[in-house]
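Engineer: Dropping a structure here in structure tokens format, bear with me for questions.
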Amino acid sequence: MIASMPNKRASAFLATYRDEVARTKRVLAAFPAGKEDLRPDPEGPRARDAAWKLVLGQGLMVKAMGGLDWSKPPGKQPESPASFAEIAKELDAGLERVEQTLGGMDDAALEQTVQFPVGPGKFGDFRKIDFCWFLLHDHIHHRGQLSVYIRLAGGKVPSIYGPSGDERWF
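Using my numbering, the letters of the sequence shown map in sequence onto residues 42 to 211.
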């Protein structure tokens with residue numbers, strides 16, 4: 042963790058991001074072992090591939106802070122690890138990289154823009170800090186997918202923002 046933040050925007054984002062990664066790790070830990078290759082829909086991702094998108098999003102966030110060049114193809118993404126424990130470990134490593142990258146940026150740098158696809162053949166400009174929030178929302182979306190996969194795999198869905206049907210608080 043960064044001891045002192047040079048700007049309020051990065052500090053506020055990182056506080057929220059840390060909380061969301063902790064929630065995600067509870068979801069990853071709840072996934073039934075041996076069901077990592079579950080694919081509820083033949084056209085959809087395997088459970089471990091859906092989870093791996095969380096780590097890939099961290100890499101995109103770090104890369105975007107230095108600027109993205111969409112004129113070059115992104116290349117082949119690394120294969121998802123076989124276990125959710127390995128994915129959780131990579132999520133922690135990614136969180137550290139995000140903290141280091143954003144912790145070293147001032148407000149002026151976070152106001153700079155990065156281009157990102159917004160439709161077929163269309164690009165839009167995002168302020169870097171807004172792009173971080175966009176990727177956090179994407180992270181939350183993919184975590185929601187995993188909570189459904191947990192149920193389909195016969196597991197128990199943990200508390201995410203409050204009690205779940207499986208983790209009651211009262």
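Don't be surprised by glycine CBs; every beta carbon is placed ideally from N, CA and C.
Could you tell me whether the segment 67-79 touches the segment 99-118, using the rule of 3 or more Cβ pairs below 8 Å?
Structural biologist: Under the 8 Å Cβ criterion, the segment 67-79 does not count as touching the segment 99-118, having fewer than three qualifying pairs.
Engineer: Using a threshold of 8 Å, state whether the C-beta atoms of H180 and E61 are closer than that.
Structural biologist: yes
Engineer: In or out: W93 buried (at least 16 other Cβ within 10 Å) or exposed?
Structural biologist: buried
Engineer: Return the chain-ordered list of same chain residues with a C-beta closer than 6 Å to the C-beta of A88, the five sequence neighbours on each side being excluded.
Structural biologist: E77, L79 and Y190
Engineer: Locate the alpha helix (DSSP H) running through T198, then write down its first and last residues.
Structural biologist: Residue identity check: residue 198 is Val in the sequence provided, not Thr. That residue, V198, is in no alpha helix (DSSP H); it is neither H nor E in DSSP.
Engineer: Just reading off the beta strand (DSSP E) that G165 is part of, what are its end residues?
Structural biologist: K163 to R168
Engineer: Taking the C-alpha atoms as reference points, what is the distance between L101 and W210?
Structural biologist: 36 Å
Engineer: Tell me whether L193 is buried or exposed, calling it buried when 16 or more other Cβ atoms sit within 10 Å of its Cβ.
Structural biologist: exposed
Engineer: How big is the Cα-Cα spacing for V96 and A150?
Structural biologist: 24 Å
Engineer: In the DSSP assignment, the alpha helix (DSSP H) including F211 goes from what residue to what residue?
Structural biologist: The continuous stretches of alpha helix (DSSP H) do not include F211, and DSSP gives it neither H nor E.
Engineer: Is it buried or exposed, A44, if we count other Cβ atoms within 10 angstroms and call 16 or more buried?
Structural biologist: The predicted position of A44 is uncertain, since its pLDDT is 44 and thus under 50; no value can be drawn from it.
Engineer: Thinking C-beta only, is G165 closer than 8 Å to F157?
Structural biologist: yes
Engineer: So is G16 buried or exposed if we call it buried at 16+ other beta carbons inside 10 Å?
Structural biologist: Residue coverage of the chain in this structure runs from 42 to 211, which leaves residue 16 outside it and unanswerable.
Engineer: Kindly give me the distance between the Cβ atoms of A129 and K66, rounded to whole angstroms, as I take these residues to be in contact under 8 Å.
Structural biologist: Between A129 and K66 the beta-carbon gap is near 5 Å, inside 8 Å, which marks them as a contact.
Engineer: Which runs of the alpha helix (DSSP H) fall wholly inside the segment 72-132 and span at least 4 residues, in chain order?
Structural biologist: 88-107
Engineer: Under DSSP, the alpha helix (DSSP H) around D148 begins and ends at which residues?
Structural biologist: D148 to E152
Engineer: Which residues in the same chain as E152 place their Cβ atom closer than 6 Å to its Cβ, once the five residues preceding and following it in sequence are excluded?
Structural biologist: R168
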